[in-house]
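See below for the structure under consideration.
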Amino acid sequence: MRDFVARLHERGDLMVVDKEVDPFHELAAVTHAAQKRWGKPILFTNVKGTKFPVVTNVYGSRERLAEVIGIDATDFCRQWSNLANLGQGSGEPFVKVEDEQLIECKLSDLPLITYSDRDAAPYFTSAMFIAKDPETGVGNLSYHRSMFVNDNELRCRLAPRHHLTMYHEKAEKMGQPLEAAMLIGAPATSFLTAAAPLPYDVDELEVAARLKGSPLPMRKCRHIDLEVPAETEIVIEGRFLPNERRLEGPFGEFMGYYVPEGPNAVFEVLGVTVRPNAMFHSILCGSSEEVLTLELSVSANIFQRLSAALPGILNVTCQPFVNHAIVQIDPQFEGHARQVMLATIGAEPIWAKIITVVDADVDIYDMDDVMWATLTRCRPDKDMLIIPETPSFYRDEQKDHWGRLLVDATKPFGREKEFERKKIRLADKIKLSDWFGTE
-2 MRDFVARLHE RGDLMVVDKE VDPFHELAAV THAAQKRWGK PILFTNVKGT
48 KFPVVTNVYG SRERLAEVIG IDATDFCRQW SNLANLGQGS GEPFVKVEDE
98 QLIECKLSDL PLITYSDRDA APYFTSAMFI AKDPETGVGN LSYHRSMFVN
148 DNELRCRLAP RHHLTMYHEK AEKMGQPLEA AMLIGAPATS FLTAAAPLPY
198 DVDELEVAAR LKGSPLPMRK CRHIDLEVPA ETEIVIEGRF LPNERRLEGP
248 FGEFMGYYVP EGPNAVFEVL GVTVRPNAMF HSILCGSSEE VLTLELSVSA
298 NIFQRLSAAL PGILNVTCQP FVNHAIVQID PQFEGHARQV MLATIGAEPI
348 WAKIITVVDA DVDIYDMDDV MWATLTRCRP DKDMLIIPET PSFYRDEQKD
398 HWGRLLVDAT KPFGREKEFE RKKIRLADKI KLSDWFGTE
């Protein structure tokens, strides 16, 4: 991550703030306002109460995420669908190194950032956990919010069906704690693979190494029996206590609401190591840096599964939020769009609350264009389908996200010529500066 941030700085894409900022709500407020205005990454060099600079919004755009793995920003689904295969590549993905320059510190020495108004405490939002299946030894990377309690304890949200949750439950059945490390400022490719829809038996860190194109330097932890990427800025080592749940929350999460206080996993902190001149990576929950990664993960999963079952799947995105899937197709037969919509529910049973299918001439990254297709090509009584009483989002006790809306916004089959989009000749050749003196 350090190299990527340096590259952004060199080309003028990093906003640097030297004025002192308070991590108690002020840093989040400045981040929120700046992201809405400019969308650029920000480096706070003077954070009250800590010596560590804070960098945020590093991966907050589709273009920057694409740059990390060297692809075109519009080709994410296809590329991410190949991640599992990349993980099966030949050659050793890791190289072991010694790092004698690491500095030990306390958890409270790090930036303790309070984000939303009603958050119960400071939270670590960017940390990806690395752990191993207690039975198979396969490694996993995943994100989980962690509430600061004291130098020795964090309380972490382990959601149902996440791989780390399964590891923790397996360890509990054995009557053992689960060792894990929290990586803050990990190598850029691991940031992507931690959210990728990879199979249970695929090691995300191996995939990160394949994407890097060279073996990933790994070092031993000092307090637990795990290895971590040596380029990680900050590593928090510890273990999840078996059969122990303590109150965590409330916390302002990505959907824009507060998750109430509830019992969650307890992470015992055994040590914190940092690189010299380490920077702390912060993610504002609900911002593009968090939600975009989830959207890309869900989109890639849908694309991969649909492509395996049906022809004519061109692209998938989730816009303007992760629970609206937009599928772009090349219609092959009458009813093709309806098959795609129904298959999408099976491909993504958690997030695909609303599904819209469009033609190749619609820009799926532009919601105005998607709505235009819906308003001009979709007949509500025929092309919209409501499937009632169908669960989706897993944390939904009140069933607020039950039910599905399917929208066929493709051209009526067999009448494609009638729905040919008009074009303005020369529109793509006009330079406004030739006519008005300014772009």
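Take the sequence shown: its letter number 119 is residue 116 in our numbering, and every next letter is one higher.
All C-beta atoms in this analysis are idealised placements derived from N, C-alpha and C, irrespective of residue type, glycine included.
None of the values given here were measured: they were computed from a predicted structure.
By the Cβ neighbour-count rule, S285 is buried, with 16 or more other Cβ atoms within 10 Å of its own. In this structure, the beta-carbon distance from L138 to S105 does not fall below 9 Å.
Taken in chain order, the complete beta strand (DSSP E) segments of 3 or more residues contained in the region 207 to 256 are 213 to 217, 224 to 226, 231 to 245. If you look at G182, you'll find it isn't in any alpha helix (DSSP H); DSSP assigns it neither H nor E. The C-alpha of L180 lies about 30 Å from the C-alpha of R302.
Within the same chain, and ignoring the five residues on either side of A406 in sequence, the residues whose Cβ sits closer than 6 Å to its Cβ are T353, V355, A370, T371, R374, C375. Cα atoms of E258 and L281: separation of roughly 20 Å, rounded to the nearest angstrom. Within the DSSP secondary-structure output, P260 pairs in a beta bridge with L244.
When beta bridges are read from the DSSP output, A322 appears opposite C315, I352. With respect to Y120, R142 sits close: the two C-beta atoms are nearer than 9 Å. Of the candidates F49, A117, A3, A117 places its Cα closest to the Cα of G246.
Of the candidates E265, G343, T314, L289, the residue whose Cα lies closest to the Cα of L307 is G343. C153 sits in a strand when the DSSP states are folded into three classes. By the 16-neighbour rule on beta-carbons within 10 angstroms, Q329 is exposed. In this model, A124 and L202 are separated by some 15 Å (Cα to Cα). By the C-beta criterion, the region 153 to 173 is judged not to be in contact with the region 50 to 62, since fewer than 3 inter-stretch pairs fall below 8 Å. DSSP lists V354 as the bridge partner or partners of D405. Scanning W35, V199, A205 for the CA closest to the CA of P184 turns up A205. Under the three-state reduction of DSSP, H333 is assigned to helix.
With fewer than 16 other Cβ atoms from the protein chains shown falling within 10 Å of its own Cβ, Y254 counts as exposed. L175 and I100 have their alpha carbons spaced roughly 24 Å apart. Residue environment: A424 is assigned as exposed (fewer than 16 neighbouring CB atoms within 10 Å of its CB, all protein chains considered). Contact annotation, V2 with L11: C-beta distance approximately 7 Å; criterion of less than 8 Å satisfied. Collapsing the DSSP output to three states places Y140 in a strand. For E169, the enclosing alpha helix (DSSP H) begins and ends at 160 to 170. Going by C-alpha positions, R236 is about 36 Å away from K350. Here DSSP, grouped into helix, strand and coil, assigns C375 to coil.
Under the three-state reduction of DSSP output, L307 falls in the coil class, being neither helix nor strand.
When DSSP states are grouped into helix, strand and coil, I100 belongs to the strand group. Taking R154 as the centre and dropping the five residues before and after it, the same chain places the C-beta of H141, R142, N261 closer than 6 Å to its C-beta, in chain order. The beta carbon of D393 sits closer than 8 Å to the beta carbons of W399 from its chain, once the five residues preceding and following it are set aside; these are given in chain order.
Rounded to the nearest angstrom, the gap between the Cα atoms of G46 and P108 is 7 Å. Per DSSP, K16 lies in no alpha helix (DSSP H) segment and is marked neither H nor E.
Taking the Cβ atoms as the reference, P90 lies roughly 6 Å from L213, within the contact range of under 8 Å. As the crow flies, the alpha-carbon of D365 is around 36 Å from that of G182.
Looking at the DSSP output, K48 sits in no beta bridge, so it has no partner there.
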